[in-house]
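Taking it in order: structure first as structure tokens, then the write-up.
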Amino acid sequence: MIKFFQHPHLLVIVLLLGLRTTCEQSIGTKDGIRCLEKEREALLRFKDELIDDYGQLSSWGNQKDKEECCKWSGVLCDNLTNHIIQLDLHGASAPLGGNISVWLLEIQHLKYLDLSLNSFNHRRIPQFIGSLGKLQYLDLSDSWFSGEIPHHLGNLSELQFLGLSAYAGMLTSTNLDWLSRLHSLRYLRLSSVNLTMATNWLQTINKLIQLEVLYLSDCHLPTVLPPSPSTFNASNSLYKLDLFGNDLSSSCVFPWLFNFSSGLSYIELGSNKLQGPIPDDIGNLLSLSYLSLSQNQLEGEIPMALGNRSSLSYLDLTNNQLTGTVPDLVLSFSLKNLYLDHNMFNGTVTQSIGSLYKLECLGLHSNHFDDIITESHFFNLSQLRILDLSYNPGISFDFSLGWNPPFQLTEVLLRGCKVGPHFPTWLRTQTRLYELDISNAGILDTFPDWLWELSSNLDDLNVSHNNFHGVLHDFSSKFSTNFRTIDLSFNHFSGSLPILPPNASLLDLSSNKFAGPITNLCNETNSSWSYLDLSNNLLSGQLPDCFANLSNLRFLKLAHNNFSGNIHSLNIRFSLHLQNNSFTGEIPTSLRNCTSLAFIDLSRNKLTGKIPTWMGNTFTSLVFLSLRSNEFFGSIPSNLCHLSHLQVLDFSLNKISGAIPKCLNNLTAMIEVDNESYVSSFSSGLQSYESASVIWKSNEREYINTLRLMRLIDLSSNNLVGDIPAEITSLVTLVGLNLSRNNLSGILPASIEQLRSLDFLDLSRNNFSGGIPAGVSQLDQLGVLDLSYNNLSGKIPQNIHLQTLGASAFEGNPDLCGLPLNKTCPGDEIAQDPKIIGNASGMKDPKEEEDKLISDGFYISMVVGFVFGFWGVCGTLVFNNLWRIAFFKLWNSSMDWLYVKIAISKIRLKEAFHKFMNSLRSRFFVSENVPKQEK
DNA sequence: CATGGTTGGG
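Residue numbers (my numbering): 721 to 1655.
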């Protein structure tokens, strides 16, 4: 009662309602109107507090012609009593907002209430909904409610259907006791409700003995031990169970699962932490038609008990560590979908698959199957639509030249299989294709012209990493209007650049032998193009004017060609790579409009002029800026210090003069561990296309994954004067600093010891004087130090790490003394300990030199970055083929690099880390070419 | 029965 008085408006409403009820005959129609006046009144008041931007409730009103509320949209009245029994106000196409008024309580006979897919702006679910005691159906899913689910819903004892799924854990329930009172519940959906604290979830579910359908995906369910069989009282009616994405273990899930009688027909357990073998008991689930155990850590073979059951039509075991052959017995004739991708299966699976005459989708991607596939394998598979045999290096094909397959495929994915040497002619019969990937498939052939006109639905075409040669003819009039991606990269295509589909978004023609000008790019208005990579070809001439019209272009990569002339009229959103061409003139002012650029590489051209001051104010998201090896002059504008996301600044090999700006400490990305701008580009997926070449310790290398950890300032080989501003030493995450080959002078700042992440420090060939600050010996991540050819004096700090860097780091400073130089300081004894000093002559053995390419410190920090970065992006990649492939490529290249690194590393960390990396690698990308681990 | 959204339906 006290609570009641805290809400005086409730009192008023109840009094009003009471008055009406007594004054009114509830049954009987007036002028053929069935609608009960008090219910109409309540609905109008209910509507008053809603926001109906889309006019979903425009039929609700108090005008004379709208009197019949039983005809209002979403309203259903009972045929006999005329009471409103159903309100279907789901907002799939026209979401409602605002507030859910307590006037709803006046619709006391309501059995069905659907408010799903609306937009209630983080409001709480009203407690009073628990007072609509006649409700049998309640759906509040995905309506932007947030907070704790009110336990009052537990009063709805007639409820059979309850949908409360939420967006990304906006709703929580810390204790599910309220749920156990809903004895009539047949359907329950709490997907994405945060149930971290609901340790009683399993007990609660077990009390719902009428339950038929249960969705608990992405709920953060805590792992609990299943109840002991004596207390177990599970529903016999459950037939559909979805526990996707909960990190549940085998010991939690399986014992529980197998206590249900044989009625379960749909089991989704993907993305959990199921480990060990698939239990034989799975064979007791006699009604099983859908089983997904994907994305777990299951090992061992497919149990025979799963074998040949007439009901199974969908089996997904992808992304586990399953081994062995796939026995014929397991392959049920009723299977329509069979996904075994990313496991370690071997043997010949394909013969038995040939009898699965209902098969529509077959995924065997990334296994170790060994087989020669012939026409007879496919004889019965007339329903097949999707065929993915990618990354089974042991699979090859033997089809007769005129083979006419019994199926019409929509997806053909044969990446990394032995398809070649000739282009598979049977594809010519497949006229419904929308995705074709025959990349890296050993094809040595010319490109078949008919492919361009094969299917009007072709979306994605990837023939990269083969040996295609010859000229591509102009088939622009035959292009599929659906083209999204075309990847012809890493082949030997020659001749002039073909006319490209105007509606595609990703076009990669890089690493071929296309030659000559690219003026025919401008034949169309290519406003859909988002990614254009023509790098590593023999293209030349000036850039055509049309680039400014490519209004959606995020990536433009023209690097490593022979383009010349001025760069003009560009309109790029994210990444611009023009390095290694012969561009002349100044940085174009049109770049001022490209304010969202994150990567600019103009290195190795013949560009000139002053570095524009507007750059610092324009590119607020810039991460990478290289003007290396051009003919820029003038001083470094201090405006550049506004580039707070900048990680790589490379102005080396120019004619830049003046002093180093003191404000460099404003480059905050070089202070912070994680760069917001970079991380956001990473999570948007853009990053998976990005790479950048960095000169790292005299070697050019392509940084892809690890780029996000790189922090580099390279101003070497210019005409800079003055001293090193102490401000630069506040860039504490800086990994590389190269100021060599300038005319810098003064003493080295003592605060240099703050640069604890520094792996590479080159100050050689300047006029620095004074002593080497003792703090340099604190830089224990340093892999390369070069202070040679200055006027430094005094004693080299005696520190084991510094001395192992070699004498060459200090030579050319006549007044320096002490180890590792051969020159003893005045008054010092010669006290060499060969074990510590090693080769004091300054000569390093080549192996050691290689080791320092990337020092241990950078390598460790990469691991840290990897752990954080990888997981964030992996989930989105797994399901998007394009990104997945791109990422996979990057992954492999970075892994190769790591293995090289590890092989030559002398650190103890090696073993532990190696295990860790291997477990990751085998879990997610069980793939070929895993280098042997060193003992 | 109840799978669509400003997000996955694996």
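Virtual Cβ for every residue (Gly too), placed ideally from N, Cα, C.
No experiment lies behind these values; they were computed from the predicted model shown.
N-terminal and C-terminal residue of the alpha helix (DSSP H) that residue i is part of
i     : result
E710  : Any answer about residue 710 is impossible in this case: the structure gives the chain only from 721 up to 1655.
N926  : W921 to K927
S970  : S970 to L977
D768  : E757 to D768
G1336 : M1335 to T1338
According to DSSP, residues forming a beta bridge with residue i
i     : result
M1064 : T1043
S789  : In the sequence as presented, Ser is not what sits at residue 789; that position holds Cys. Answer by DSSP bridge pairing: none, since C789 is not bridged.
V933  : Y907 and K960
L1252 : L1227 and L1276
I1433 : L1369 and L1457
H1212 : H1189
N1511 : S1489
H1521 : Paired residues: none, contrary to the question.
S1465 : N1487
G1236 : L1259
Q995  : Q1017
A1379 : V1441
Sequence-distant residues of its chain with Cβ nearer than 6 Å to residue i (five each side left out)
i     : result
P999  : F974
N755  : It should be pointed out that residue 755 corresponds to Cys in this sequence rather than to Asn. So the list reads E788, C789 and C790, once near-sequence residues are dropped.
L1226 : T1205 and Y1251
A886  : S912 and V913
T741  : With a pLDDT of 41 at T741, under the threshold of 50, the modelled position of that residue is not reliable, and the figure given next carries that caveat. Result list for T741: empty, nothing under 6 Å.
K1056 : S1033, K1078 and E1080
G1305 : N1286
K1609 : Only weak support is given to the placement of K1609: the predicted model assigns it a pLDDT of 30, under 50, and the value that follows is read from those uncertain coordinates. Once the five neighbours on either side are set aside, K1609 has no close Cβ partner at all.
L934  : L908 and L961
N1462 : N1438, L1440 and N1486
D859  : D834, S836 and G883
Cut-off 7 Å between Cβ atoms - residues of its own chain near residue i, not counting five sequence neighbours on either side
i     : result
A1529 : L1505, D1506, L1507 and S1508
S1196 : I1219
I771  : L816, G817 and G818
A812  : L837
G1336 : P1357, N1359, L1360, C1361, H1362 and L1363
L905  : L879, Q880, L882, L928, Q930 and L931
N1187 : I1163, L1164, N1211 and H1212
Residue closest to residue i, alpha-carbon to alpha-carbon, out of the options
i     : options                       : result
N1291 : L1278, R1274 and G1305        : R1274
S1484 : E1447, S1437 and L1369        : S1437
L891  : H903, D1091, R844 and P1023   : R844
H1062 : N1016, I1092 and L1026        : N1016
N1256 : N1269, G1236, L1270 and N1232 : N1232
L1270 : P1222, P1141, N1286 and D1228 : P1222
I1448 : V1441, L1457 and L1440        : L1457
F964  : S970, F978, S937 and L977     : S937
F840  : Q806, L902, D773 and N1337    : D773
E1420 : V944, F848, D1370 and G1442   : D1370
C1137 : N1160, E1155 and Q1150        : N1160
P1540 : E1095, T1524 and N838         : T1524
L1440 : N1486, L1454 and T801         : N1486
D1228 : L1278, I1106 and D1165        : L1278
P1023 : L941, L899, T1045 and F1117   : T1045
H842  : W864, N1182, G853 and D859    : W864
G1491 : I1516, F1065 and W921         : I1516
Residue range of the unbroken beta strand (DSSP E) whose run includes residue i
i     : result
L833  : Y832 to D834
Q806  : I804 to D808
L1018 : Q1017 to G1020
I1115 : G1114 to D1118
N1286 : N1282 to N1286
F1344 : F1344 to S1346
Close Cβ partners of residue i (< 8 Å) along its chain, the five nearest in sequence each way excluded
i     : result
D1265 : C1242, H1288 and S1289
P1554 : Only weak support is given to the placement of P1554: the predicted model assigns it a pLDDT of 40, under 50, and the value that follows is read from those uncertain coordinates. If we look at P1554 and ignore the five residues flanking it on each side, it has no Cβ neighbours.
### Query
Are the segment 1470 to 1490 and the segment 1498 to 1508 in contact at 8 Å, needing three or more beta carbon pairs?
The segment 1470 to 1490 is in contact with the segment 1498 to 1508.
### Task
Answer yes if the segment 823 to 830 comes into contact with the segment 873 to 887, meaning at least three C-beta pairs across the two stretches below 8 Å, and no otherwise.
With a cut-off of 8 Å on Cβ pairs, the segment 873 to 887 is not in contact with the segment 823 to 830, counting fewer than three such pairs.
### Query
Using 8 Å as the threshold, is the segment 1068 to 1080 in touch with the segment 1098 to 1106, meaning 3 or more CB pairs across them?
The segment 1068 to 1080 is in contact with the segment 1098 to 1106.
### Task
Give a yes or no on contact between the segment 1346 to 1364 and the segment 1324 to 1335, applying the rule of three or more CB pairs nearer than 8 Å.
Three or more beta-carbon pairs drawn from the segment 1346 to 1364 and the segment 1324 to 1335 are found closer than 8 Å, and the two stretches are therefore classed as touching.
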